[in-house]
Amino acid sequence: MSAQDRTEEILRQMHILLAGSESYDGIGSKIILDKKRMLELLAELNKAIYAMMDEYELTTQGKDRARREAAKIGEDILKDASGKAEDVYAASVMYTNEALRHVQEIMQRATDAMQEIYKDANEKLQKEKDIVRRDQSDLKGHLQNLADTDKYLNLIEDRNREIEKERAKEKGEMEPSPYTAVKPEIRINQEYFEKAGIVPENEQVEEIPEDTREESTPKAEVNVNVNLDAEYFHWKEGEEHSGEKKPEKHSFFSRHHKD
22 MSAQDRTEEI
32 LRQMHILLAG
42 SESYDGIGSK
52 IILDKKRMLE
62 LLAELNKAIY
72 AMMDEYELTT
82 QGKDRARREA
92 AKIGEDILKD
102 ASGKAEDVYA
112 ASVMYTNEAL
122 RHVQEIMQRA
132 TDAMQEIYKD
142 ANEKLQKEKD
152 IVRRDQSDLK
162 GHLQNLADTD
172 KYLNLIEDRN
182 REIEKERAKE
192 KGEMEPSPYT
202 AVKPEIRINQ
212 EYFEKAGIVP
222 ENEQVEEIPE
232 DTREESTPKA
242 EVNVNVNLDA
252 EYFHWKEGEE
262 HSGEKKPEKH
272 SFFSRHHKD
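This is how it looks when you write it as structure tokens:
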């Protein structure tokens, strides 16, 4: 039985003792008690109260101890959780760092591959550009041997200037064209005239008398402009009217082909 229950039992017995006592004054305000029994009940009540105080103290101490233990357990739980959280965070940082390193490696490999592709493409384009430039030089070399070299080269230069103007217009500024008017040197194919039986105009120039040449103080250089196309067509018309056999026409490209 607990101290509280014992105290309640003693108080109940004291109440029974008082209720069953004989009245002294006839009206019940005063009674006759059994002194010995009353003292015994008071002694037991005293012990029960001390027992209750001890139980309360033990209960309080137990609560304090339980509270301290609970606080310690809570601190341990928080410490353990904090340590685990740091471990989880460190693991996530390490994983993220590893992932970023892989991403950088992939980007570097992609960059290297793109640079390699660009390098190969640039080399191929440069080779093709060299081939085109060489072919262009060959074509211009062929034009040098034709009768209308000036006309053809002027057409090429005009076209180059038009392209340059279009490029400058697209850029929003008109830059001077780097192309300059080139005066090509005209070389007459003597072999062609010999096979065709035509005497060039420069060989038909009249000789200047010596007296006239001596009188002229400055020595002027004679510029001979040969119109090969006109000479050829004049010769062709004369051959058609005379009915003679036409000589075989040898062009520059056929001669090179035969060679």
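Residue numbering for the sequence shown is 22 to 280, as defined by the numbering used here.
Glycine included, every Cβ here is placed at the ideal spot set by N, Cα and C.
Cβ-Cβ distances below 7 Å link Ile53 to Ser42, Glu43, Tyr45 in the same chain, with the five nearest sequence neighbours on each side left out; the list follows chain order.
Beta-bridge analysis with DSSP links Ser44 to Ile52.
Ser23 carries a coil assignment under DSSP once its states are collapsed to helix, strand and coil. Here Thr80 is exposed, its C-beta having fewer than 16 other C-beta atoms within 10 Å. Distances from the CA of Ile177 to each of Arg188, Gln157, Lys190, Ala189 were compared; the closest alpha carbon is that of Gln157. 8 Å or more divides the Cβ of Ser113 from the Cβ of Glu76. In this structure, the alpha-carbon of Asp55 lies about 10 Å from that of Glu61. Between Ala69 and Arg27, the gap from beta carbon to beta carbon is short of 8 Å. In this structure Leu66 does not touch Ile37 by the C-beta definition: roughly 14 Å separates them, more than the 8 Å allowed.
In chain order, Ala24, Gln25, Thr28 place their CB closer than 8 Å to the CB of Met73, counting only its own chain and leaving out the 5 sequence neighbours on each side.
Annotated three-state conformation of Gly83 is helix, per DSSP.
DSSP, read as helix, strand or coil, puts Gly193 in coil. Linking Asn143 to Ala134 through their CA atoms gives a straight-line distance of about 14 Å.
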